[in-house]
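The structure appears right after this line, and notes come after that.
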Amino acid sequence: MGSAFAGKDGSDTPDFATLQKSYAFLLTREPPAATYAQWDGFLQQGLTAAKASDKAGLQASCKGCHKAHRDAYKVDPTVPKTFP
Ligand code: HEC
Numbered sequence: 792m793g794s795a796f797a798g799k800d801g802s803d804t805p806d807f808a809t810l811q812k813s814y815a816f817l818l819t820r821e822p823p824a825a826t827y828a829q830w831d832g833f834l835q836q837g838l839t840a841a842k843a844s845d846k847a848g849l850q851a852s853c854k855g856c857h858k859a860h861r862d863a864y865k866v867d868p869t870v871p872k873t874f875p
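One gets the numbering used here by counting positions in the sequence shown from 1 and adding 791 to each.
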């Protein structure tokens, strides 16, 4: 999702439509809440922000989720790692 967030034309404006698709996709493949307690919340937040073209809200979703779930995700083969 990094390239979509950076903007496809180098304009520094996120590609909100693509990000919206990525979030919607991820919401259909959520990992177990027992391990990823805040995963769903960050995805809901990000989807809302992508729909609203809210860059700051998106960034909060990206950063929050990375900080909260990085370690578990790295060693987990079951979560999706490629998106639209
Ligand atoms: C629901 C949780 C979640 C959300 C929301 C999220 N990410 Fe991630 N992302 C992760 C996890 C977990 C990793 C793995 C972190 C690591 O390996 O350090 C990751 C890794 C990445 C990477 C590293 C490349 C890779 O494939 O390993 C990039 C770039 C990235 N995310 C971009 C974004 C951007 C941009 C957003 C917001 C538009 C975002 N992510 C939102 C969970 C999330």
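All C-beta atoms, glycine included, are put in the ideal place defined by N, C-alpha and C.
No experiment lies behind these values; they were computed from the predicted model shown.
### Message
For a test of your reading of the model: does the CB of Leu-810 fall under 7 Å from any non-hydrogen atom of the ligand HEC? Yes or no.
### Response
Position 19 of the sequence shown, counted from the first residue, corresponds to residue 810. Taking 7 Å as the cut-off, the C-beta of Leu-810 counts as close to a heavy atom of the ligand HEC.
### Message
Does the distance between the C-beta of Arg-861 and the nearest non-hydrogen atom of the ligand HEC fall short of 7 Å?
### Response
For this step, residue 861 is matched to residue 70 along the sequence shown. At least one heavy atom of the ligand HEC is nearer than 7 Å to the Cβ of Arg-861, so yes.
#### Entry: Assumed close pair Ala-808, Leu-838 - CB separation to whole angstroms, cut-off 8 Å
Here the question's residue 808 lines up with position 17 in the sequence shown. Here the question's residue 838 lines up with position 47 in the sequence shown. Not a contact, Cβ separation roughly 12 Å.
### Message
Just checking: is the beta-carbon of Arg-820 within a distance shorter than 8 Å of some beta-carbon in chain D?
### Response
No chain D is part of this structure, which consists of one protein chain only.
### Task
Classify Asp-831 as helix, strand or coil using the three-state DSSP reduction.
Sequence index remark: in the sequence shown, residue 831 carries index 40 (1-based). DSSP places Asp-831 in the helix class (H, G or I) of the three-state scheme.
### Query
Going by beta carbon distance, what residues of the same chain come within less than 7 Å of Thr-826, once the five residues before and after it are set aside?
As a working mapping, residue 826 is identified with position 35 in the sequence shown. Residues Ala-863 of the same chain have their beta carbon placed closer than 7 Å to that of Thr-826, with the five preceding and five following residues left out of the count.
### Simplified DSSP state of Ser-802, which is helix, strand or coil
Residue 802 sits at position 11 when you count from the first residue of the sequence shown. In the structure shown, Ser-802 falls within a coil segment according to DSSP collapsed to helix, strand and coil.
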